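First up is the structure itself, then whatever we jot down about it.
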Amino acid sequence: MDPVDPVALARSLIDIDSTTGREGEAGAWLARFLGDRGYRVVEQPIGDGRFNVFARQDEAPRVVLSTHVDCVPPFFPSREERGLLFGRGACDAKGILAAQVAAVERLRAGGETRVGLLFVVGEERGSDGARVANEQAPGGVRYLVNGEPTENRLGSATRGVLRVRLHAEGRAAHSAFPELGESAIDKLLDALMVIRGLTLPDDPLLGRTHYSVGVIEGGLAPNVISPSASAELLFRIVGDAAPVRAALAVVEGLVSIEPVLDIPAVRMHTVPGFEAAVFPYTTDVPLLTNWGTPVLVGPGSIHVAHTDEEHVVIDELRAAVDVYERLAARLLA
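Numbered per the numbering used here, the sequence shown spans residues 1167 to 1499.
Put into structure tokens, the structure is as follows:
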């Protein structure tokens, strides 16, 4: 087999729209590509035509390189300019996927058959692919090398996520007679102001817990006292979510709290000779506990992921192939 060009492979994948929920076409393309190169490919169904792709060689893998196929919207195709590869997924995470495949192909060419590949769907919206993959993990995997944009540095720790939805209930009335109603929006705003003043956990390595109010909805019309309102909050947590949930209990007299997503912060394995750093985002790693000891590394910067200028430096993408190859060899040694 010819070596895999990571830039060409990345562009082929970037040019397929696989925003979360639409991963089926990209998964089918990838499964064919790996099958044609002699891998034993297993499609792990998720639903709605979506599936994870697990590819192995004849031998059961001891090290598995993994990342996600899905991307955030909106889709835009690939282009190269000024030594950069642009496109949705260029760094998060189709460029990473391409570098991982190229690295495993190099290892195969050298006779190494103990490395596999796992590419999951749904990472950007709840990690449903990772949850299914964890239930179908093969025995004997010692290390999972997960790919996210780390500028080719190993991740020593990442934050977790607690996502909740606040619901406020009121009573509709004509706005000329507010005393006849009960404003749900006022209750919600009061709760948000209380939350703004909460003391939240901090950690010597990961720093302080912070949060954002991502969505607010409510009301019927400007001249109607609002009967209902809601807000969705996302906390970037530095440990387990329990202390944050306990702190939020103070607003339960104003609103009800609906849990949406809970992923803990995680510490990861590092390897001497590879630069390491702490990263403030969340990955699929906490949901892939049956795939061995986690390692995190990948080309690209998180600062341009999810933006309309998403890109990866082409030299960094090619260097990532070397990083993955060397790292897998060290972990197998």
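Even for Gly, the Cβ is constructed at its ideal location relative to N, Cα and C. Since the model is a prediction, treat every value here as computed from it, not as a measurement.
Reference valine 1229; option with closest CA among Ala1303, Asp1450 and Val1470 | Translated into the one-based positions of the sequence shown, residue 1229 becomes position 63. The shortest Cα separation from valine 1229 among Ala1303, Asp1450 and Val1470 belongs to Ala1303.
Every unbroken beta strand (DSSP E) within the region 1386 to 1459, with a cutoff of 3 residues, ordered by chain | 1394 to 1403, 1422 to 1429 and 1442 to 1445
Inter-stretch contact at 8 Å, needing at least 3 Cβ pairs: the region 1471 to 1482 / the region 1245 to 1254 = yes
Are at least three pairs of beta-carbons, each pair with one atom in the region 1271 to 1291 and one in the region 1329 to 1338, less than 8 Å apart?
-> no
When you compare only the Cα positions, how much space is there between alanine 1408 and alanine 1397?
-> Taking the first residue of the sequence shown as position 1, residue 1408 is located at position 242. Taking the first residue of the sequence shown as position 1, residue 1397 is located at position 231. So the alpha carbons of these two residues sit roughly 20 Å apart.
Starting from isoleucine 1382, follow the beta strand (DSSP E) in both directions and report where the run begins and ends.
-> Locating residue 1382 in the sequence shown gives position 216, where the first residue counts as 1. Where isoleucine 1382 is concerned, the enclosing beta strand (DSSP E) stretches over 1376 to 1384.
Compare the Cα-Cα distances from isoleucine 1468 to each of Val1444, Gly1306 and Ala1221 and report the closest residue.
-> The residue given as residue 1468 occupies position 302 in the sequence shown. Ranking Val1444, Gly1306 and Ala1221 by Cα distance to isoleucine 1468 puts Val1444 first.
8 Å contact criterion, which alanine 1221 and arginine 1206 should meet: CB distance rounded | Residue mapping note: residue 1221 aligns to position 55 of the sequence shown, counting from 1. Residue mapping note: residue 1206 aligns to position 40 of the sequence shown, counting from 1. At roughly 7 Å, the Cβ-Cβ gap stays under 8 Å, so alanine 1221 and arginine 1206 are in contact.
Excluding the five sequence neighbours on either side, which residues of its own chain have a C-beta within less than 8 Å of the C-beta of tryptophan 1195, listed in chain order?
-> Taking the first residue of the sequence shown as 1, we reach residue 1195 at position 29. Ser1178, Leu1179 and Ile1182, listed in sequence order.
Express the C-alpha separation of proline 1243 and alanine 1174 in angstroms, rounding to a whole number.
-> Counted from its first residue, the sequence shown places residue 1174 at position 8. Counted from its first residue, the sequence shown places residue 1243 at position 77. Looking at the two C-alpha atoms, the distance is approximately 13 Å.
Going by beta carbon distance, what residues of the same chain come within less than 7 Å of threonine 1455, once the five residues before and after it are set aside?
-> For the purposes of this step, residue 1455 is taken as the residue at position 289 of the sequence shown. Contacts found: Asn1300.
What residue does the alpha helix (DSSP H) around serine 1178 start on, and which one ends it?
-> Within the sequence shown, numbered from 1, the residue matching residue 1178 stands at position 12. 1172 to 1180 is the extent of the alpha helix (DSSP H) around serine 1178.
Aspartate 1183, DSSP secondary structure in three states = Start at 1 with the first residue of the sequence shown, and residue 1183 comes out as number 17. Reduced to three states, the DSSP call for aspartate 1183 is coil.
Who pairs with glycine 1373 in a beta bridge, going by DSSP?
-> In the sequence shown, counting from the first residue as 1, residue 1373 sits at position 207. DSSP, once it has assigned bridges, lists Asp1369 as partnering glycine 1373.
Is DSSP giving phenylalanine 1220 helix, strand or coil here?
-> In the sequence shown, the residue the question calls residue 1220 occupies position 54. DSSP places phenylalanine 1220 in strand when its eight states are reduced to three.
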